[in-house]
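So the structure is just underneath, and the comments pick up after that.
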Amino acid sequence: MQTLFGCLQQFLLILAVTSPVFGDNFTLGLLVPLTNPKGSFKGKLFAPAIASAVDDVNNSSDLLAGHHLSYIWNDTECKETKSLQALSHLINERKVSAIIGPGCSCQYEARYASAVDVPMISYMCNEPLTALLEKEKYATFAETVIKVEGHKLARGLIKLFQKFHWSEVAILYENATSYVNMKKVVVREFTSNGINVLTEKELLSDACYSFVKNNLSSCCDPPTRVTNVGDYMGNVFKELKSKCRILLYLSEFPVARQTLEYAHNQNMTQGDYAFVMLQLDLNQFKRNMDSPGQIYLILDLDKNKTCDYYEALESVVLVEVESELPDEQKSYKAFEKQVKEKYDSFKTNLTASLTEEEKTNPLSFHAYYLYDAVYQYAKALNKTLARGDDLTGKNIMRNLMNSTYKSKLGPSVFINENGSADVVNLRIVDIRWNKSVAPTKDCLYNNSGPIAKELGRINFSEEDTGIVVRTEEFQWPNGKGIPLSKPKCGFDGLECVTSTLSTAQYDRQDKGNAAVIAGVSAFAAITCIILLVNVIRQYMLKKEGDSLLWKMNYKDIRWVQTSSSVSSDMAEEEESLSMSRRTSNQFTFTNFGFYKENRVTVKQIGTKTIDLTKSILLELKQMRDFRHENFVQFYGATVDSPYICIVSAFFPRTLKEFLACSDVKLDKTFISSLVTDIVKGMAYLHSSDLKYHGSLKSSNCLIDSRWTLKISDYGLTMLRSKCNLSAKTGSEDLLWTAPELLRKHFSFPNSASRKKDRSYVNIQKADVYSFAIILQEFHTRKGPFSNNRNLCVKEILGRITEPEVPIFRPTVHNFIEEMEELRDLMKNCWEEDPDSRPDFTEIKKRINRILVAKGIKTNIFDSMIYMMENYANNLEDIVSERTSQLIEAKIETEDLLYKIFPRPVAEQLIKGKQVEAENFDEVSIYFSDIVGFTELSSESSPMQVVTLLNDLYTLFDDIISEYRVYKVETIGDAYMVVSGLPIKNGHDHAGEISRMALHLLDSVKEDFIVRHKPGYKLQLRIGIHSGPVVAGVVGSTMPRYCLFGDTVNTASRMESNGEAGMIHISEATKNVLEKLGGFTIRQRGEVHLKGKGQVTTYWLMEHKHRRQPTSPKRLRPKRHLFNSTSEGEGLKPCFITRSSSLRRSLKAASENPMTKIPIQVVDNGNKREKRKESTHSITSV
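With mature numbering (1 follows the signal peptide of the UniProt record, and there is no 0) applied, the sequence shown covers -23 to -1, 1 to 1158.
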């Protein structure tokens, strides 16, 4: 009984461990050709891999947590009918979650799975997937069979050929459908990128090669006409030897290496030829990883030719799939053992076990693809569950596609949007053989066979293809360097042959005429010498004159000056020309003028003297002789001290400004015309004596009135170097500069870097880089690196100078429509390696091909007429809009001037007149400050102090608007007001200032409340003095209307020597007030004023018509300018109250606007008088 209980307990424990407790069970349906007789396609040899994958998924803590994965399978026998029947059974009856398979055929199965929305991942589909790329029909289909897409391979090979400087190639392709299609793609891509495909030769497949060799050519599929392999291959290589030095094989590696025997027979393996071969077959790749020696062995090769074969391998550049085994899988055999151990649990319904031979044979590579299919499905399902999406086939496959994973086979794989599994990286291998330790005749059993040395890799990405290869480390036969595309003298040797005249012809001359000929010859020689001397003398004189044609007289340059005799349009144009502007880095200042009735740009060099060396004179002559329609014409230079200038033709528009103008809409014709102009000009420049530009950028590209682009700031290299006119470190102008020039521009900390700095730099290729940055500006319509403005210029230059992987270049989001080729050209031109960039001759050819292919004509006038017609349709609206904007801006400017200056002064400034300083015989000046302001400020936060002053001065400004006064300025708590200027008002200035002072004093005493101290009462100290002043506008930057004279100082002294709550006036003011009458004045006595001594002063007490304050009226506060808080406390609302005297008094008509008319108002026995408001308020704006 205890034994039975123990067994039951163990059974329950096993059941608890092996059965899922929570979540759903997802069942996979495997379609496998289990009993197919075709060798490696026998499903029973690799089907158990699904059991291994399912166990790994269920044991993983990161995948399908709380869920369980299981599988069932059906045998398809590699028949399409059986496959479709099994597929229907699994989906409709067994309700599987996904299909893994099928094997063999898959097109109709994938269409059916997509129709019922069930995921299907194939691991051995051997049908062409052209039809399966229609994702609408095959939305739930993907595969894990690893391939190399033809276009990607072609781009990688182009990069490789460019690194080796190979421009001509012969292609040998295997007669198989996949390689024939690959050949078509490669030929098309090579041709479009300037690599000339000289010939194409067909190779027999590995199986067909064996059939033909054994006289069984009829067994080849596809059929072939070759009956003798030796004769056929011998003729092929005999023809190739005289046509091309670089051979590219598009075939399986075993097929390619078979041909090296025939290349050796033609003496093509001595280092003058290169053989580029591919190793893309993953089955062969797996065998090579298991047994590395297979990379160079050929089993049916005559052992006496083994050494020759090894020597031929030294000329091979091998491109193969890059692979690194995962850490948990030290070798393929570990995975094979794991799969074969699963066989017993997999063969539930099978009768036969694995034979001993099957157990020892290597595992089929389909097992790895099967494992990948299950594991990648689990990852996609896990992602779908995590996102909470519906578990539909389309949702799951959407999470599978566009993802990268590490295959169980080894390579890194990218599943693209079509569901195809593409290799991410290829590696470049150099095959080496140390022949010095090999036997003389037999190398087969020697341990010193060839070895594979990885020297580079090709990386495929969505945007571009990257390559890193150390070409200088490749070892070629006999110690030779990299093979050339063709011999220096051509394949026929005629390119180096020079014809010479045989001296024997002279020996056959008639000796009888020797004396006559000698005499005539002597006479002719003397005559020729005399003529030659004269010609040389004339030539030297002419050359001396021609060499100085560039020299100009500075006085001959007419600077632009406008006059009333010219029209307004011409005046405006010349006025714009007369302005100076600072250029980027070439010259100190650029001015514009006329030279011999030609508009010219005069660029002043920042030096007063210059040493005209022979190099500089030669440069100036070359510049004077240089002519091209796409370059700004160089007129000459002035070298008379201190006027050292460069004079060239003037053009108003730069390409940089033109592209930045949002009002200009550029179509492809316009863009192609401007780009073509740059390319044509630079191609001509590079072929001329000037050789290069060195500072090409959009601001140096000018546009003339006929919309032709012209390049400026070229040449004069020695002059720039002599005057030290290079761009400054960190300057934005360096954003167009190539990385190799930036490394020469910046200083280096160590000697190794300085040595690198002195190395040769191909500046023509640097111009190509600058052209690429200009193309970026065409795409973005903004400046260089405009989409990288989160980085400062210094950071951008630093990232360009220090190479990154991938390289740092401008980010371009929007490309020119219908001009995708310009994007590829741009990326090609800013390659990190200068040798990988095309020259302008090649760029010119590519641009022409693009224009011809798209039918674009570079006649910009047709495009301009079309654009002008479109622009004319809304020209009236644009003019109206611009006019209204101009009027609004004018009004805003005038309002601002009225706020800063008195209205009469502002009106003079608006009319463009100079405001002369004016003397005023008598004015009255008011000064006031706050008593105890320093102590109050120390007890308040800065924001509270600002709020206090803003509230106070807002009240003051409102009050003084009722009087004919002008507020001069405020400094801290000091407030300065004047009356009697700029419009003189007789003796009434003292009365206006005095009534205003009484008004301000009453308002502060009765009505003003300090926001942050409501119980605190402010007290003013006021001083007034009358006398003469001088007033005028001072300064050009932030100009001020200022008062000068002793009256200002005396008024300030009156305020500083006053008392709180009192109005301190001078005797001069008292005398004027007594003449006016109505003011109550009390003598204070003698007061010592600084600089004046003892002076009798007075207190202003009252005015008989002054209104008495009534009950305060609470006003709605104005919107406060400062909304921030101080010390954690918010500012309290502003309640500024004032008496009814603050309300504007009534305005009565008067013949004399300067006369004040009092108005008597009686209010229930409380008699008060209101002053009539001045009919002219200086401060009212």
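Virtual Cβ for every residue (Gly too), placed ideally from N, Cα, C.
Note that the structure is predicted; figures quoted are calculated from it, not measured.
{"Item": "Bridge partner(s) assigned by DSSP for Thr448", "Value": "Looking at the DSSP assignment, Thr448 forms no beta bridge with any residue, so it has no partner."}
{"Item": "Per-residue DSSP class, three states only, for Asn607", "Value": "coil"}
{"Item": "Segments assigned beta strand (DSSP E), at least 3 residues, entirely inside the segment 80 to 162", "Value": "97 to 99, 118 to 120, 145 to 151"}
{"Item": "Minimum length 4: unbroken alpha helix (DSSP H) runs contained in the segment 1021 to 1069", "Value": "1023 to 1033, 1044 to 1053"}
{"Item": "Straight-line gap, Ser901 to Glu884 (C-alpha atoms, nearest Å)", "Value": "24 Å"}
{"Item": "Boundaries (first-last residue) of the alpha helix (DSSP H) holding Met695", "Value": "694 to 700"}
{"Item": "With 16 other Cβ atoms within 10 Å as the buried cut-off, status of residue 1233", "Value": "An answer regarding residue 1233 cannot be provided, because it is not within the stretch -23 to 1158 covered by the chain."}
{"Item": "Member of Phe647, Val1006, Cys700 whose CA lies at the smallest distance from the CA of Arg683", "Value": "Phe647"}
{"Item": "Option in Met374, Val122, Asp872, Thr870 with minimal Cα separation from Ser74", "Value": "Met374"}
{"Item": "Which residues DSSP lists as bridging Leu1077, in chain order", "Value": "Ile1040, Ile1058"}
{"Item": "Own chain, CB closer than 8 Å to Gly1022, minus 5 neighbours either side, in chain order", "Value": "Gly1004, Pro1005, Val1006, Val1007"}
{"Item": "Sub-8 Å separation of Val293 and Ile408 beta-carbons", "Value": "yes"}
{"Item": "Distance, Pro1016 Cα to Asn530 Cα", "Value": "41 Å"}
{"Item": "Status (buried if at least 16 other CB within 10 Å, exposed otherwise) for Lys336", "Value": "exposed"}
{"Item": "Residue from Asp249, Asp602, Asp399 whose Cα sits closest to the Cα of Trp453", "Value": "Asp249"}
{"Item": "DSSP state of Asn962 mapped onto helix, strand, coil", "Value": "coil"}
{"Item": "Bridge partners - Leu5, DSSP secondary structure assignment", "Value": "Tyr48, Ala75"}
{"Item": "Touch test, the segment 133 to 144 against the segment 376 to 393, Cβ-Cβ under 8 Å, three pairs minimum", "Value": "no"}
{"Item": "Host alpha helix (DSSP H) of Val652 (start-end)", "Value": "645 to 664"}
{"Item": "Cut-off 6 Å between Cβ atoms - residues of its own chain near Trp536, not counting five sequence neighbours on either side", "Value": "Gly570"}
{"Item": "Beta-bridge pairing of Lys383 - partner residues as DSSP gives them", "Value": "Ser389"}
{"Item": "Chain C within 8 Å of Leu632, Cβ atoms only", "Value": "Although the question refers to chain C, the structure presented lacks it and comprises just one protein chain."}
{"Item": "Exposure of Asp533, with buried meaning 16 or more beta-carbon neighbours within 10 Å", "Value": "exposed"}
{"Item": "Nearest to Tyr354 (by Cα), restricted to the options Leu7, Gly433, Arg988", "Value": "Leu7"}
{"Item": "Alpha-carbon to alpha-carbon, Ser672 and Gln599", "Value": "18 Å"}
{"Item": "Host beta strand (DSSP E) of Asp407 (start-end)", "Value": "402 to 409"}
{"Item": "Pair within 8 Å by beta-carbon distance, Val954 and Ile936", "Value": "no"}
{"Item": "Through-space distance from Ile435 to Asp399, alpha-carbon basis", "Value": "13 Å"}
{"Item": "Alpha-carbon to alpha-carbon, Asn850 and Tyr669", "Value": "44 Å"}
{"Item": "Through-space distance from Ile842 to Val641, alpha-carbon basis", "Value": "13 Å"}
{"Item": "Helix, strand or coil at Asn359 [DSSP, three-state]", "Value": "helix"}
{"Item": "For Thr586, the three-state DSSP class (helix, strand or coil)", "Value": "coil"}
{"Item": "Exposed unless 16 or more other CB atoms sit within 10 angstroms - verdict on Cys221", "Value": "buried"}
{"Item": "8 Å contact criterion, which Ser182 and Glu151 should meet: CB distance rounded", "Value": "6 Å"}
{"Item": "Nearest-angstrom Cβ-Cβ length linking Val656 and Lys821, presumed shorter than 8 Å", "Value": "5 Å"}
{"Item": "CA-to-CA distance, Tyr516 to Gln486, given in whole angstroms", "Value": "Residue placement at Gln486 cannot be trusted, given a pLDDT of 49 that sits under 50; the coordinates are not used to answer."}
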